[in-house]
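Report on the following structure.
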Amino acid sequence: MTQAGEFTYRRTHHAMRELLFDCMTQPEHLTHFWGPDGTTTPIDGITVDLRPGGRFETTMVNIADGGQYTMRAVFLAVERPALLSWREADVEGGMVTTVSFTDLGDGRTEVVTHQTNVPSAYASAGFETSLRRFGDYVTTIAAG
Amino acid sequence: MTTAVADELSLTFAALADPTRRAILTRLAAGEATVGQLAAPFALTQQAISKHIKVLEHAGLISRSRAAQARPCRLEPAGFDAVAEWVGGHRQAWHERYDRLDAHLATLRGTEQNAGQES
């Protein structure tokens, strides 16, 4: 019934892709940036078994109230330094995240994060555009 | 997010998962329309369109006027707020994560340079 939703996020970083790949796969790096703002990701709450089928788990702790959320995933593809992908079975239908690292040749790397089965689909660029249109429409109504 | 809000969001997302229903919403963004008017562009019966409209109505994305016999449909903008918030939040979460990664990379570069200076 529900179509798989897709989500893509592109970003260029001033670093070689080997380093970026390591940052995304080594607890001593992940602990510095993984959790959302307002959380910490303690290093002892990070499990990285870096091989297809290996576990990738991160426990994020809310700084304000100590509440915890654990992402539980299993690696699907581990191809240093080009590609990394994992699947979160807890998310309905199994959300797959694929991160690709492309060397731009000038010391920079383009990192593309792609997710499928986003719980709800509508993170797709096309749909966001629709939402923006609806947003504009809402603003029009409010103003009128 | 409370479970009640999350469930409501699931309902909304399920309603939005269908291309016909999204097309109906896009049409309604231009102004209210009757079921007959909404059915016109589709190779679907009015009955099939009515089913889609019920799903959208149940999800709080549209409402139907009781004033006129044709009961025109119109968009319920409030129903989209939660969706927009969720999508924006998801993108924002990745944006912030990579911002922090950049900050971490800058720290690593600083450490490297210091080490270089020391040696």
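Heads up: the protein sequence lines correspond to chains A and B, in order.
The numbering used here puts the first residue of the first sequence at -4, with every later residue one more than the last.
The numbering used here puts the first residue of the second sequence at 71, with every later residue one more than the last.
Beta carbons are placed, not taken as given, at the ideal position from N, Cα and C, and that holds for glycine.
Taking Glu182 (chain B) as the reference, give the member of A:Arg82, A:Ala10 and A:Gly61 with the closest Cα.
A:Ala10
What does Tyr64 (chain A) touch in chain B if you count any residue whose Cβ is under 8 angstroms from its own?
Here the premise fails: no neighbours, minimum Cβ distance about 11 angstroms.
In three-state DSSP terms, what is Ala116 (chain A)?
Confidence is the limiting factor: at Ala116 (chain A) the pLDDT is only 39, short of 50, which leaves the residue's position unreliable and the question unanswerable from this model.
Count the other CB atoms, across all protein chains shown, that sit within 10 Å of the CB of Arg141 (chain B); report buried if there are 16 or more and exposed otherwise.
exposed
Counted within 10 angstroms of its Cβ, other Cβ atoms place Ala118 (chain A) as buried (16 or more) or exposed
Its pLDDT being 42, under 50, Ala118 (chain A) is placed unreliably in this model, and the value from its coordinates should be taken loosely. Counting Cβ neighbours within 10 Å, Ala118 (chain A) comes out buried, since at least 16 surround it.
Who are the neighbours of Ala68 (chain A) on chain B, taking C-beta pairs under 7 angstroms?
In chain order: nothing, as chain B lies at least about 15 angstroms away.
When you measure from the CB of Arg12 (chain A) to every non-hydrogen atom of the ligand FMN, does any distance come out below 7 angstroms?
Annotation note on the ligand FMN: not contained in the displayed structure, which lists no ligands.
If you draw a straight line from the alpha carbon of Thr104 (chain A) to that of Arg5 (chain A), how long is it in whole angstroms?
11 angstroms
Test item: CB-CB of Thr26 (chain A) and Thr36 (chain A) under 8 angstroms:
yes
Counting only C-beta atoms, is Leu171 (chain B) closer than 8 angstroms to chain A at any point?
yes
When you compare the CB positions of Glu146 (chain B) and Ser135 (chain B), do they come within less than 8 angstroms of one another, or not?
Glu146 (chain B) is not a Cβ neighbour of Ser135 (chain B), given a cutoff of 8 angstroms.
Cutting at 7 angstroms between CB atoms, please list the residues of its own chain near Arg97 (chain B), excluding the five before and the five after it.
Ala103 and Leu108
Give me the residue from A:Gly102, A:Phe2 and A:Ala84 with the minimum Cα distance to Gly48 (chain A).
A:Ala84
If you check the beta carbons only, do Ala58 (chain B) and Thr90 (chain B) fall under 8 angstroms apart?
Absent from the model: residue 58 (chain B). The displayed extent of chain B is 71 to 189, so no value can be given.
CB-CB under 8 angstroms to Glu23 (chain A), same chain, minus the five flanking residues each way: which ones, in chain order?
Ile38
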